[in-house]
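First comes the structure, then the notes that go with it.
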Ligand code: SF4
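This is the structure we're talking about:
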């Protein structure tokens, strides 16, 4: 029997390649929990795009309610950090910890995340948090770098073929401001 893997999903397009890759070896369930995505309309846009995919492939996915105030409390003092700076590991941990709690409550063997598929995210920062949580919760973390072997490009192409739209910034209000500044220069 396959091990039960809980896949933390940051957005629909990123999940396409990752889910297919993991389902060969694991019984995969999804977990969408991303209070970092702001404004809330953007959170809902990304959630809806994932719902389209999950319904098409009959994926079991839990959509956890978001606690924006707790996320802002967690990253307090790090607001001025750049993307890939000191705020991001805190953000990764905040989201992954919720996935680990869910995994413990529902008898999962392994936790993984789609986060590492993004070329703009530092994989080492994600995996470091995953390993720390694995130790804390006694559940394995599948440390991966899904952007390898063109994972991101494949996912993007598959998303386009399905008519699923992709976001143009990481998620938090600070990353949106960075993206807008980049566009102006
Ligand atoms: S840039 Fe992305 S990973 Fe970093 S804190 Fe913002 S939403 Fe989280």
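In this note's numbering, the protein residues as written are 8 to 192.
Yeah, the Cβ is synthetic: ideal placement off N, Cα and C, and Gly gets one too.
Its Cα nearest to that of residue 179, the residue 85 stands out among 85, 146, 172 and 147. With contacts defined by Cβ atoms closer than 9 Å, residue 12 and residue 121 do not form a contacting pair. Taking a contact to require three or more Cβ pairs closer than 8 Å, the stretch 49-57 and the stretch 165-178 qualify as touching. In this structure residue 99 is in contact with residue 132, their Cβ atoms being roughly 6 Å apart against a cut-off of 8 Å.
Taking every residue with its beta carbon within less than 5 Å of a heavy atom belonging to the ligand SF4 gives, in chain order, 43, 90, 94, 95, 98, 177, 178, 179 and 182. Counting along the chain, residue 109 sits inside the alpha helix (DSSP H) bounded by residues 94-112. By the neighbour-count criterion, in which a residue is buried when 16 or more other Cβ atoms sit within 10 angstroms of its Cβ, residue 47 is exposed. Per DSSP, reduced to three states, the secondary structure at residue 133 is helical.
Annotation: residue 35 to residue 76 spans about 30 Å, alpha carbon to alpha carbon. Residues 123 and 152 of the same chain have their beta carbon placed closer than 6 Å to that of residue 130, with the five preceding and five following residues left out of the count. Contact check for residue 18 and residue 174: beta-carbon distance about 6 Å, within the 8 Å limit, so the pair qualifies. Taking a 10 Å sphere around the C-beta of residue 64, we find fewer than 16 other C-beta atoms and assign the residue as exposed. Beyond the five residues adjoining it in sequence on each side, residue 73 comes within less than 6 Å, by CB distance, of 42 in the same chain, given in chain order. For residue 183, there is no enclosing beta strand (DSSP E); the enclosing alpha helix (DSSP H) has its first and last residue at 180-191. A distance below 9 Å separates the beta carbons of residue 110 and residue 144.
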